[in-house]
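See structure below.
Numbering (the numbering used here), first residue to last: 1 to 672.
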């Protein structure tokens, strides 16, 4: 068995490993983390560095497990020892980073981000952040949330899941092999090969179908660790010669450097992730056998090899530091000097973390028995878990308490002819969870829960078996009309059905590039026809924002003509969009008026007439300007309610408060 598989595992970036290290792999770790940080801070794209870390984790983990199988020492105790080593390496630095980040969130970021930060912190420590982000990626509201300071820990969660599962799988294989007389190592290799192939196929399929969900999905990413594991099997019995190692080493380095340049981020993971994965494994395969001109000489140089122990703490710290910088400056990407400051602070924090934990705490834990060390590592994170959970529970209680308070006038306050009572207390909903006021639309009985994103979700509310049926179709801006429809449903005897998909409005399917949105549009009109509605509601304009740009939603006319031939259509003017979330603006300024906009800057009467002239017969355009604006101002807060959940979606409470306006327009459009 080769030296590569005889040394103890050193998976990056999940921790620094033992003293004996392959210097070219250490240099690869430094190169990979440098690419990750550089692309995150200044470019905003995908560098392929994280994919290298995943492959290396699989490589070293599989090497350790295979040795156990071949030596006949894969026992329950070995599983516990593997878990303990992982927990000791990973949990202390994650706990320290999470604790420091939560303090920074409380001090530096607006209250709108606090509750989400506690949820991200708990998911990161619990090694389920990738699952959480995957669920958010397919959130039907497609809301414009701010960057989470913990979202980069999806990869650490995936590494943790595989590290905890693979030893158990190996133990099951070992027990089965003993019972049947088969060779345990070969059985495990067969299982790994099957799982890796299945994951790769899933990755390609899901990336084509729903790339944001695929990016975080464990089933679509596990093949990258599987590829590393299979490489460990191959390299235990084969090594390239000098010429082959020379080619492999440099091909690996150049392939990794080219990943971010050649491959767009929207292609990941899928087939695109094979380039950085194979590049990293090519460097591992080449090892130090490339001769005097081999890439290992560059990667083993002190300037690259020595900083490698900082790779994991630097990975942990760089993202929350970047998120804080972007939030405080209001920038979308870092400036050259600002980015340099982010990197410098991240490196300083990584050095302190390394000195504190790897220099003192981790060696002390490793000196204990496996069980004691693992339990001690778990105990260290309990104060952080307890603090995050308590803070989150307190905020959640405050949110629910606020929602249970007396109703506020909201949109009624925009009409100068309406006398509304003076509102006491802070605006609702509580800014720590602006989305809490939204009805849980997808959890109602009858709502589809299909995982396939191109499926049409058919959800029901209002009065069951009512005389009239209203169907809402479109994206998250169309679903905003569901809350006020539900508010008037009883009085008007309405059954409300909604079929919505985040980021996918009603449009001509033949002209849609996004495959899942195209598939959804191909199916939704048929589903509408089967319901035989009395009215269809959808948003027909887009890009209502300061500086103009409002237009008839592209590619909308063909499906509108088809529907309007048999069903009256209520075409809603889009809600305003802002460059900055108005509620966050309110929390950071003493001038609330500045957080809104002048109606003349958002809306153009000429555009409205142009849109109305283009709409097919049977489609009535509803000008929703007075749902969000008074005569002279489109406010960020009115009638005791925050108007916006983010930079372009209204709060649920605000939309419910527009029920009197919607009832007026229903009477005008269809006489109800």
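Glycine is no exception: its CB is placed at the ideal position from the N, C-alpha and C atoms. Since we're looking at a predicted model, the values are computed, not measured.
- In the DSSP assignment, residue 495 falls within the unbroken beta strand (DSSP E) covering 494–500.
- The segment 38–54 and the segment 126–137 do not touch, with fewer than 3 CB-CB distances between them shorter than 8 Å.
- By the neighbour-count definition (other C-beta atoms within 10 Å, threshold 16), residue 262 is an exposed residue.
- Under the three-state reduction of DSSP, residue 546 is assigned to coil, being neither helix nor strand.
- Bounds of any beta strand (DSSP E) do not take in residue 317; it lies within the alpha helix (DSSP H) bounded by 311–329.
- Using a Cβ-Cβ distance cut-off of 8 Å, the segment 657–665 and the segment 482–491 are in contact, since at least three pairs of beta carbons, one from each stretch, lie closer than that value.
- In this structure, the beta-carbon distance from residue 543 to residue 650 does not fall below 8 Å.
- Counting the other Cβ atoms within 10 Å of the Cβ of residue 296 gives 16 or more, which makes it buried.
- Judged by pairs of C-beta atoms under 8 Å, the segment 74–91 does not touch the segment 189–208, as fewer than three such pairs exist.
- In the three-state scheme derived from DSSP, where H, G and I count as helix and E and B as strand, residue 117 is classed as helix.
- Looking at the backbone, the Cα of residue 157 and that of residue 34 are separated by about 21 Å.
- Residue 520 sits in a helix when the DSSP states are folded into three classes.
- With contacts defined by Cβ atoms closer than 8 Å, residue 539 and residue 478 form a contacting pair.
- Note on geometry: alpha-carbon atoms of residue 236 and residue 286 lie some 13 Å from one another.
- Contact annotation: residue 639 and residue 412 have beta-carbon atoms nearer than 8 Å.
- When C-beta atoms of the segment 626–638 are compared with those of the segment 459–472, fewer than three pairs fall below 8 Å, so the two segments do not count as touching.
- Per DSSP, the unbroken alpha helix (DSSP H) holding residue 655 starts and ends at 652–657.
- Here residue 370 has 80, 81 and 84 as same chain residues with Cβ atoms under 7 Å from its own Cβ, once five neighbours each way along the sequence are excluded.
- Contact check for residue 317 and residue 350: beta-carbon distance about 6 Å, within the 8 Å limit, so the pair qualifies.
- By the CB criterion at 8 Å, residue 428 and residue 642 fall inside the cutoff.
- If you draw a straight line from the Cα of residue 662 to the Cα of residue 489, it comes to about 11 Å.
- Considered as a whole, the segment 13–60 harbours 23–38 as its complete alpha helix (DSSP H) runs of no fewer than 4 residues, in chain order.
- According to DSSP, residue pairing for residue 644 in a beta bridge involves 650.
- Going by C-alpha positions, residue 376 is about 34 Å away from residue 433.
- Beta-bridge analysis with DSSP links residue 131 to no other residue.
- Between the alpha carbons of residue 331 and residue 340 lies a distance of about 15 Å.
- Rounded to the nearest angstrom, the gap between the Cα atoms of residue 378 and residue 101 is 19 Å.
- The beta-carbon distance between residue 545 and residue 577, rounded to whole angstroms, is 4 Å. This is short enough to meet the 8 Å contact definition.
- For residue 85, the enclosing alpha helix (DSSP H) stretches over residues 76–108.
- With distances taken between CA atoms, residue 580 lies nearest to 329 out of 670, 457 and 329.
- Comparing alpha carbon positions, the residue from 190, 228, 311 and 536 closest to residue 280 is 228.
- DSSP places residue 234 inside the alpha helix (DSSP H), whose first and last residues are 218–235.
- Check the Cα spacing between residue 310 and each of 667, 666, 29 and 606: the tightest is with 29.
- With fewer than 16 other CB atoms across the displayed protein chains lying within 10 angstroms of its CB, residue 510 is exposed.
- The continuous alpha helix (DSSP H) containing residue 338 extends over residues 336–353.
- In the structure shown, residue 622 adopts extended strand secondary structure according to DSSP, grouped into three states.
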